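These notes concern the structure reproduced below.
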Amino acid sequence: MKRLLFVFLCCFPLAACLRCYTCVFPAISPLGCLRFPQECPAEQRCLSSTAIGKRGALQLTMYEKSCAVPAQCGVSGQKYASGLYFNYTNVCCDTDLCNGAVSFAALSWRGVTLCLVPVLALLLT
1 MKRLLFVFLC CFPLAACLRC YTCVFPAISP LGCLRFPQEC PAEQRCLSST AIGKRGALQL
61 TMYEKSCAVP AQCGVSGQKY ASGLYFNYTN VCCDTDLCNG AVSFAALSWR GVTLCLVPVL
121 ALLLT
């Protein structure tokens, strides 16, 4: 039994690095960042940031995901990019790939309906 425990402890590291989704550039869709998982340095957390820029009737929402130091978490503010001022909010989490979650509010009901049509057709036939 002791040998088995020793082998188990030797094969698995005691502290694994956190893995987070990341974007090379900010995305205009909340789903645009999900393809790039990254291993974060020790002591970092997973960050999801949403920034909304407005000029007149134009509104642009940007999404960013990355690894972050704890000081970046829970921060809101304003930044200037591409000729627009953006109000941003950073939210962090600390489990593997936790910053990939997209709320149902981010998905359109039209998309959900289109997914359900084939299922309903199968059930009705």
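The sequence shown runs contiguously to residue 125 in UniProt numbering. Think of the CB as a built atom: it goes at the ideal place given N, C-alpha and C, for glycine as much as any other residue. Please read these numbers as outputs of a predicted model, since none were measured by experiment.
Residues near residue i in its chain [Cβ-Cβ closer than 8 Å; skip 5 each side]
i: Arg55; result: Gly83 and Leu84
i: Asp94; result: Leu18, Arg45 and Cys46
i: residue 134; result: The first residue shown for the chain is 1 and the last is 125, placing residue 134 beyond what the model contains.
Cutoff 7 Å; reference residue i; Cβ partners in own chain excluding five residues on either side
i: Pro70; result: Arg45
i: Gly77; result: Tyr88
i: Val75; result: Asn90
Beta strand (DSSP E) segment containing residue i, residue limits
i: Pro26; result: No beta strand (DSSP E) holds Pro26; DSSP gives it neither H nor E.
i: Glu39; result: Pro37 to Glu39
i: Ala51; result: Arg45 to Arg55
Three-way DSSP call (helix, strand, coil) for residue i in this model
i: Pro70; result: helix
i: Arg19; result: strand
Alpha-carbon to alpha-carbon, residue j and residue i
i: Phe86; j: Leu58; result: 12 Å
i: Thr89; j: Pro41; result: 22 Å
i: Phe25; j: Ala16; result: 27 Å
i: Glu43; j: Ala81; result: 29 Å
i: Phe104; j: Asp96; result: Model confidence at Phe104 stands at a pLDDT of 42, short of 50, so the residue's coordinates are unreliable and nothing is read from them.
Cβ shell of residue i (< 6 Å), same chain only, five flanking positions each side left out
i: Cys91; result: In the sequence as presented, Cys is not what sits at residue 91; that position holds Val. Taken in chain order, the residues that qualify are Ser48.
i: Lys65; result: Tyr21, Thr22, Cys23, Cys33, Ser48 and Asn99
i: Ala51; result: Met62, Phe86 and Tyr88
i: Leu60; result: Gly53
- Query: Could you give the uninterrupted runs of the beta strand (DSSP E) lying entirely in the stretch 72–99, keeping only those of 3 residues or more?
  - Reply: 76–81 and 84–93
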